[in-house]
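Here the structure is laid out as C-alpha cells; the discussion comes afterwards.
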Amino acid sequence: NITYSTLITCLKKCRKFDRAIEWFERMYKTGVMPDEVTYSAILDVYAKLGKKEEVLSLYERGRSNGWKPDPVAFSVLAKMFGEAGDYDGIQYVLKEMKNLEVKPNVVVYNTLLEAMGKTGKPGLARSLFEEMVESGLEPNEKTLTALIKIYGKARWSKDALELWGRMREKKWPMDFVLYNTLLSMCADLGLEAEAEELFDEMKRRRKSGRCPDNWSYTAMINIYGSGGKADRALEMFNEMLASGVGPN
RNA sequence: AGGACGUAAUGU
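Take any residue in the first sequence, note its place counting from 1, add 1381, and you have its number in this note's numbering.
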C-alpha cells in the first residue's frame, strides 16, 4: 500500500483527482488494505473536490474497518469544513478527537484556528489558542498568522496587539509572512505607529527571510495612503525601489 | 518516511 499511496499522492499533487480516486478503488479491489496514510491522502482528494458526503462516508467506512484516524486525518477534515464554512463540521472534528483520544498537534490547531476564522468565530479561535498554549504546544508562524488575521478581521485591536507582545516576550517564531500579516492588520485598523515599528523591526533584524518584500511595502503604502499621507507613501515607494524590491 | 496548515493592496 506504500506503492499505491505514493501514486495517489503524486496524482493529487498534479491535481489529477479523478485518477487518484481510480487508483484508490483499484487498490481496494486488489485486496490491498489502506493504512492511515492512504486514508488521509484519499480523504484529502475528496476534500479538495469539495465532496463532503464522500469524505464522511469514507471516514465512517474506515472507522468500521478498524482504522484509527490520526492528527493528519483530522487536519484534512478541519480544512475541508473550514473551506465550506461549516461550523457544525468543525465541532464534529473536535468531538471526534476527544472521543478517540487523539491529541491535536500544531498543524491540527492551525487548521482549526483558520477554519474558525473562516466561519467567523474569533472568540472560539481565541479560546482554542489558549487551550493549545496551556497544553504545552508552542505556536509556530502559521498559528500566529492565522490568529492575527482573525483578530484583524474582527477588528479586535486589543487582542491583536497583546498577541504581538506575547510573540516577542515568549520569543515565538516570526517570519516575513507573519510580519506582513501584522502590517495588514495595522493597515486595516489604522495603527500607523505600530506598523512603523514592525516595519523597522523587519529592516533591522535582517536575519534573511524577514526583510520587507513588496507585500510589506504595499502594506505601508496602503497605511500612508489611507491616512492621507501621499508624500510618505511616495517615499515608501522610492525606498522600495532603492532596496532592490520591484513593484508588481 | 508514501499523507495535512498561514499574508495584502488596486481595478470591474
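Glycine included, every Cβ here is placed at the ideal spot set by N, Cα and C.
For Ala1401, the number of other beta carbons within 10 angstroms of its own is at least 16, and it is reported as buried. One Cα belongs to Ala1574, the other to Phe1580, and the distance between them is close to 10 Å.
For Arg1613, the enclosing alpha helix (DSSP H) begins and ends at Ala1611 to Ala1623. Per DSSP, the unbroken alpha helix (DSSP H) holding Gly1498 starts and ends at Val1487 to Lys1499. Taking the C-beta atoms as reference points, Ala1506 is found no nearer than 7 Å to Met1513. Rounded to whole angstroms, the gap between the alpha carbons of Glu1482 and Ser1456 is 15 Å. For Ser1516, the three-state secondary structure derived from DSSP is coil.
If you ignore the 5 residues before and after Trp1545, its C-beta comes within less than 7 Å of the C-beta of Leu1563, all in its own chain and listed in chain order. Leu1559 is positioned such that its CB atom lies closer than 7 Å to that of Thr1526. Secondary structure of Arg1585 (DSSP, three-state): helix.
Glu1620 and Lys1429 have their C-alpha atoms roughly 41 Å apart. Contact annotation: Thr1500 and Tyr1468 have beta-carbon atoms nearer than 7 Å.
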